[in-house]
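A short write-up of the structure that comes next.
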Amino acid sequence: MWRTPGRKQAFGNIVLLGILMVLINTNDVASRKVRVLDSFDDSAAGCSRKYSASLADFGGVGDGVTSNTKAFQAAIDNLSLYASYGGSLLFVPPGKWLTGSFNLTSHFTLYLHKDATILASQDESEWAVIDPLPSYGRGRDADGGRYISLIFGTNLTDVVITGDNGTVDGQGVTWWDKFHKGELKYTRPYLIEIRYSQGVQISNLTLMNSPSWNVHPVYSSNVVVQGITILAPVTSPNTDGINPGGKGDDESR
230 MWRTPGRKQA FGNIVLLGIL MVLINTNDVA SRKVRVLDSF DDSAAGCSRK
280 YSASLADFGG VGDGVTSNTK AFQAAIDNLS LYASYGGSLL FVPPGKWLTG
330 SFNLTSHFTL YLHKDATILA SQDESEWAVI DPLPSYGRGR DADGGRYISL
380 IFGTNLTDVV ITGDNGTVDG QGVTWWDKFH KGELKYTRPY LIEIRYSQGV
430 QISNLTLMNS PSWNVHPVYS SNVVVQGITI LAPVTSPNTD GINPGGKGDD
480 ESR
């Protein structure tokens with residue numbers, strides 16, 4: 230005999246249906262952001278990744294004015310979930326993508342389109358202050374801490390930073406001026422710093438106007454840097470190209 234469900238049972242069914250609908254909608258959103266990599270040849274990135282997403286999928290705006298710090302970190306945090314499932318790739322499309330520092334993840338590729346430029350923010354509030362490296366004990370510009378690098382990673386495995394000669398622009402003029410005037414409270418950031426990591430490739434990019442050093446792999450192994458163009462005015466202070474570091478090195482020299 231068919232029985233009409235009571236109020237409690239009917240309410241429970243509604244709640245269960247609502248939960249299922251939320252889960253389905255959430256999965257749909259995730260599937261739209263992260264997809265199986267088939268939009269372009271992933272072999273150009275120097276390694277095979279199974280999943281990919283575009284920075285624009287996470288709210289990125291490439292107008293050169295809007296801050297994309299949160300968009301970069303949200304995208305990388307989401308893609309980090311795929312590290313054990315074939316790895317992932319974040320595609321930076323054409324545009325000028327203003328951002329503060331962001332952290333990379335393992336089994337990951339950051340890939341810049343040839344017409345993409347990552348612009349370093351000149352807002353110091355977007356740059357965390359971190360401790361000097363243990364073997365250095367101090368920074369180049371100040372006794373205390375240092376600003377974290379624009380593209381930063383620590384304790385990583387299998388990381389690629391590359392592109393079709395896309396650009397990373399550190400917009401270093403403000404930092405250089407403060408250095409020359411003795412106004413820096415902390416050491417200037419680098420463009421790229423990778424620490425305590427292994428299996429790192431940095432290739433096919435143009436790096437320009439870094440606040441200080443351009444590429445700083447430190448306490449790391451199996452690091453390959455190739456096909457990099459580095460540009461800075463002759464008057465810019467300490468804009469070294471590639472400075473590997475490790476135990477016994479002295480950042481203050």
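With my numbering applied, the sequence shown closes on residue 482, and no number is skipped along the way.
Where a beta carbon is used, it is the ideal one built from N, C-alpha and C, also for glycine.
From the DSSP output, in three-state form, read off His445 for me.
-> For this step, residue 445 is matched to residue 216 along the sequence shown. Here His445 carries a strand assignment [DSSP, helix/strand/coil].
Apply the 10 Å Cβ neighbour rule to Leu310 and answer buried if 16 or more other Cβ atoms are within range, or exposed otherwise.
-> Residue mapping note: residue 310 aligns to position 81 of the sequence shown, counting from 1. With fewer than 16 other Cβ atoms within 10 Å, it is exposed.
Gln430: buried (16+ other C-beta within 10 angstroms of its C-beta) or exposed?
-> Numbered from its first residue, the sequence shown carries residue 430 at position 201. Within a 10 Å sphere around the beta-carbon of Gln430 sit 16 or more other beta-carbons, which makes this residue buried.
Coil, strand or helix - Gln430 by DSSP | In the sequence shown, residue 430 corresponds to position 201, counting from 1. In the three-state reduction of the DSSP assignment, Gln430 falls in the strand class.
Which residues in the same chain have their Cβ closer than 6 Å to the Cβ of Tyr419, if we skip the five residues on either side of it in sequence?
-> Mapped onto the sequence shown, residue 419 falls at position 190. The beta carbon of Tyr419 is closer than 6 Å to those of Ser378, Ser441, Trp442, His445 in its chain, skipping five residues each way along the sequence.
Residue range of the alpha helix (DSSP H) that includes Lys262 = Walking along the sequence shown from the start, residue 262 turns up at place 33. 236-262 is the extent of the alpha helix (DSSP H) around Lys262.
Looking at the unbroken alpha helix (DSSP H) that takes in Ala345, where does it start and where does it end?
-> Indexing the sequence shown from 1 puts residue 345 at position 116. For Ala345, there is no enclosing alpha helix (DSSP H); the residue is part of the beta strand (DSSP E) that begins and ends at 345-349.
With DSSP as the reference, please indicate the residues paired to Thr391 in a beta bridge.
-> For the purposes of this step, residue 391 is taken as the residue at position 162 of the sequence shown. Beta bridge pairing from DSSP links Thr391 with Tyr340.
Closer than 7 Å by C-beta to Asn394: which residues in its own chain qualify, once you throw out the five before and the five after it? Chain order, please.
-> The residue you call residue 394 lines up with position 165 of the sequence shown. If we look at Asn394 and ignore the five residues flanking it on each side, its Cβ neighbours are Lys343, Asn433, Leu434, Thr435.
Evaluate the contact criterion for the segment 332-340 versus the segment 355-362: three or more CB pairs, one atom per stretch, below 8 Å.
-> No contact exists between the segment 332-340 and the segment 355-362.
When Pro363, Lys262, Leu385, Gly399 are compared against Gly489, the one with the closest alpha-carbon | As displayed, the chain neither begins before 230 nor continues past 482, which places residue 489 out of reach and without an answer.
Quick one: what's Val454 bridged to in DSSP?
-> Here the question's residue 454 lines up with position 225 in the sequence shown. Bridge partners of Val454: Ile431.
Could you name the residues of the same chain whose beta carbon sits closer than 8 Å to that of Arg264, not counting the 5 residues immediately before and after it, in chain order?
-> Along the sequence shown, one-based indexing puts residue 264 at 35. Only Tyr280, Ser281, Ala282 meet the Cβ criterion.
Taking the alpha helix (DSSP H) that Ile305 falls in, what are its first and last residues?
-> Residue mapping note: residue 305 aligns to position 76 of the sequence shown, counting from 1. Unbroken alpha helix (DSSP H) run through Ile305: 298-308.
Reduced DSSP secondary structure (H/G/I, E/B, other) of Tyr311 | Position 82 of the sequence shown, counted from the start, is the residue given in the question as residue 311. Looking at Tyr311 - three-state DSSP - the assignment turns out to be helix.
Quick one: what does DSSP say Lys414 is sitting in, helix, strand or coil?
-> In the sequence shown, residue 414 corresponds to position 185, counting from 1. Coil.
Ile423 to Thr391, Cα distance in whole Å?
-> For the purposes of this step, residue 423 is taken as residue 194 along the sequence shown, with counting starting at 1. For the purposes of this step, residue 391 is taken as residue 162 along the sequence shown, with counting starting at 1. If you take the alpha carbons of Ile423 and Thr391, they lie about 14 Å apart.
Out of curiosity, what's the CA-to-CA distance linking Phe301 and Asp292?
-> Taking the first residue of the sequence shown as 1, we reach residue 301 at position 72. Taking the first residue of the sequence shown as 1, we reach residue 292 at position 63. Whole-angstrom Cα-Cα distance: 15 Å.
Just tell me which of Leu319, Ser277, Ser313 has its CA closest to the CA of Asp286.
-> The residue labelled residue 286 in the question sits at position 57 within the sequence shown. Closest option to Asp286, Cα to Cα, is Leu319.
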